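In the working numbering, the protein residues as written are 4 to 355.
Right, here's the structure in full:
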């Protein structure tokens, strides 16, 4: 039996009206799957979720307790506004806020309102914390004190340490050389990296099959230990990643004795460091910040670049040094010959 064409037309008209109005309503969209297939991790939160799209994911649920503490802090600061008032206002805005999101949302009304309160108060407190810090006032916040939120909301702020210095193959252009130092004292360690007089002094690191597992476990321990002010392993791995961006960088450090490569492939070292640093959150105090500052200052001086270029172009081999010295010697002889010729001329002129 054929269906009623009038009903089908009415259904299509309703869908067309919805299709026309939908794009102008949405301001937050789901990433199309064709883009997610290129790099799924680029669009997935790793630490916390804001909004309904990733709200129910198990791996992000641990951070919800921190949002609850932020809400408690805001309520304690504004005792004149009870929690029920926040809930009533958010319930009135629930439909408007829900219509801002494209796609289906599985949260019911109460769950959506609760999410808006927790996420909204969390963002307000984060912005307030940064404003206090910009004004020079410290804010006692054990969560933000570990750089967790600073990393997620300002992704790249802490990790931008790695952008401050060049890689191992680029640094020598400013006259910096790498030198292996022995760790043979009780107070020395793998993390004792120093930069003095244009020389980067680093202990040797052996990289083998077990290196990834060892570092991953140490990084996980430091990442989960909020009572640690300095993240020595995390900062050390980040420092190495700054220096090693390619197989050429790994090869240079290997030739200098700083890296002992038991993997047999220099490219594998660069890949390993990128993998170890993936998802890592740096603390507020970067252990090698002073070293970075010294390197930046050294590289900013043009004299160091000129001297490095001179050594690279004219003093890179013994034969090049001999050639330069011979040219200087010939130039000196030419100047002396010209000088004697001028003196002889004036002497003859005076005698006449």
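By construction, the Cβ of each residue, glycine as well, lies at the ideal position given by its N, Cα and C atoms.
From a predicted model like this one, the values you see are computed outputs, not experimental measurements.
Task: First through last residue of the alpha helix (DSSP H) which encompasses residue 117 - done: Annotation for residue 117: the continuous alpha helix (DSSP H) segment containing it runs 112 to 137.
Open item on the list: Which residue wins for smallest C-alpha separation from residue 265, given the options 235, 218, 299, 213?
Closed with: When each option's Cα is compared against that of residue 265, the closest is 213.
Task: Environment of residue 240 [buried if 16+ CB atoms lie within 10 Å] - done: By the 10 Å Cβ count, residue 240 comes out buried.
- [ ] Classify residue 299 as helix, strand or coil using the three-state DSSP reduction.
- [x] Under the three-state reduction of DSSP, residue 299 is assigned to helix.
Task: residue 8 - DSSP class collapsed to helix/strand/coil - done: Residue 8 falls in the helix class under three-state DSSP.
Open item on the list: Among 253, 80, 16, whose alpha-carbon lies nearest the alpha-carbon of residue 207?
Closed with: In terms of Cα proximity to residue 207, the closest of 253, 80, 16 is 253.
Open item on the list: Using the Cβ count rule (16 or more neighbours within 10 Å means buried), how would you classify residue 300?
Closed with: Exposed.
Open item on the list: Do residue 97 and residue 125 count as a contact pair if the criterion is CB distance below 7 Å?
Closed with: No, these two residues do not count as a Cβ contact at 7 Å.
TODO: Could you check which residue in 79, 199, 283 has the C-alpha nearest to that of residue 182?
DONE: Considering only 79, 199, 283, the residue with the shortest C-alpha distance to residue 182 is 199.
- [ ] Measure how close the beta-carbons of residue 53 and residue 90 come, nearest whole angstrom, since I'm counting them as under 8 Å.
- [x] Between residue 90 and residue 53 the Cβ distance is about 19 Å, and since that is not below 8 Å, they are no contact.
- [ ] Could you tell me the distance, in whole angstroms, from the CA atom of residue 338 to the CA atom of residue 344?
- [x] Each residue's Cα considered, the two are about 10 Å apart.
TODO: Could you check how far apart the C-beta atoms of residue 258 and residue 269 are, in whole angstroms? I think they sit under 8 Å.
DONE: No, residue 258 and residue 269 are not in contact; Cβ-Cβ is about 10 Å, not under 8 Å.
Task: Beta-carbon separation (whole angstroms), residue 244 vs residue 276, contact threshold 8 Å - done: Their Cβ separation, rounded to whole angstroms, is 4 Å, which keeps residue 244 and residue 276 in contact under 8 Å.
Open item on the list: Need the endpoints of the beta strand (DSSP E) that residue 180 sits in, please.
Closed with: Judged by DSSP secondary structure, residue 180 falls within the beta strand (DSSP E) whose first and last residues are 180 to 184.
Open item on the list: How far does the alpha helix (DSSP H) with residue 210 in it extend, from its first residue to its last?
Closed with: Run containing residue 210: none in the alpha helix (DSSP H); it sits in the beta strand (DSSP E), 208 to 210.
TODO: Would you check if the distance between the CB atom of residue 106 and the CB atom of residue 33 is smaller than 7 Å?
DONE: Remark: C-beta atoms of residue 106 and residue 33 approach each other more closely than 7 Å.
- [ ] Would you list the one or two residues that DSSP bridges to residue 202?
- [x] Per DSSP, 180, 199.
TODO: Compute the distance between the beta-carbons of residue 201 and residue 174, then report whether it is under 7 Å.
DONE: No, the Cβ-Cβ distance between residue 201 and residue 174 is not below 7 Å.
Task: Nearest-angstrom Cβ-Cβ length linking residue 236 and residue 221, presumed shorter than 8 Å - done: Between residue 221 and residue 236 the Cβ distance is about 4 Å, and since that is below 8 Å, they are a contact.
Task: Nearest candidate by alpha-carbon position, reference residue 127, set 108, 351, 78, 295 - done: Shortest Cα-Cα distance from residue 127 to any of 108, 351, 78, 295 involves 78.
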